[in-house]
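Encoded as structure tokens, the structure appears first; notes follow it.
Numbering (the UniProt record's numbering), first residue to last: 1 to 215.
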């Protein structure tokens, strides 16, 4: 099981390969740029993708235990949230939005998880309205259901969530509204996947840039 808050731990070569692929570089140029055979480049790519897939599956939404602070803030357990959201959706129809917020660290300071989670929990609670539903899919991933909300307000809330926190880790926020009769679970999973994709793109790019700065 992947440890909460930690990334996929790619090797230098795997990160470099994935970053160049993200930039659109074809395999033949990858081989020349990395001074590796095409077979070896394919191996780095395959291993990197396997790690990312495994990590995303291990980090995928699942039941989690809320902390005492979460309960005090009114955050619900996943199944409780599902029931509450279903009742609200029956009343308001597709007039709602989902926001997912994820904090990720590539470090090994697991002692910081509780501190980060508590600080982010307070931050989220201060940015939402009474009646919004909050649950957690992992110790540092929060899923929010916002009923009766306009597109402009969604952007405002997203910006307020993205800024003003003091978490020492990178924080990613994604927001979506349903299309047609999409379920909340489906929309939330899309947000989750968007965040993982952004993490992979931004973190790999940052790693390669940092590496280039010391070479």
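Quick reminder that beta carbons are idealized off the backbone N, C-alpha and C, glycines included.
The C-alpha of residue 81 lies about 12 Å from the C-alpha of residue 142. In the three-state DSSP reduction, residue 147 falls in the strand class (E or B). By the neighbour-count definition (other C-beta atoms within 10 Å, threshold 16), residue 166 is an exposed residue. Unbroken alpha helix (DSSP H) runs of no fewer than 4 residues, entirely contained in the UniProt domain "HTH luxR-type" (10-58), are found at 12-22, 27-34, 38-58, following chain order. Three or more Cβ pairs closer than 8 Å define a contact, and the stretch 14-22 meets that threshold against the stretch 30-39.
Contact between residue 146 and residue 97 is confirmed by a C-beta separation of about 5 Å, below the 8 Å threshold. Excluding five sequence positions before and after residue 67, the CB atoms of its chain that fall closer than 8 Å to its own CB belong to 114, 117, 118, 121, given in chain order. Between the C-alpha atoms of residue 125 and residue 193 there is a straight-line separation of about 23 Å.
With respect to the C-alpha of residue 168, the residue from 104, 41, 27, 28 having the closest C-alpha is 104.
In this structure, the alpha-carbon of residue 23 lies about 42 Å from that of residue 88. Within 10 angstroms of the beta-carbon of residue 150 lie fewer than 16 other beta-carbons, which makes it exposed.
When the five nearest sequence neighbours on each side are left out, the beta carbons in the same chain lying within less than 7 Å of the beta carbon of residue 184 are those of 85, 89, 98, 145, in order along the chain. Counting the other Cβ atoms within 10 Å of the Cβ of residue 139 gives 16 or more, which makes it buried.
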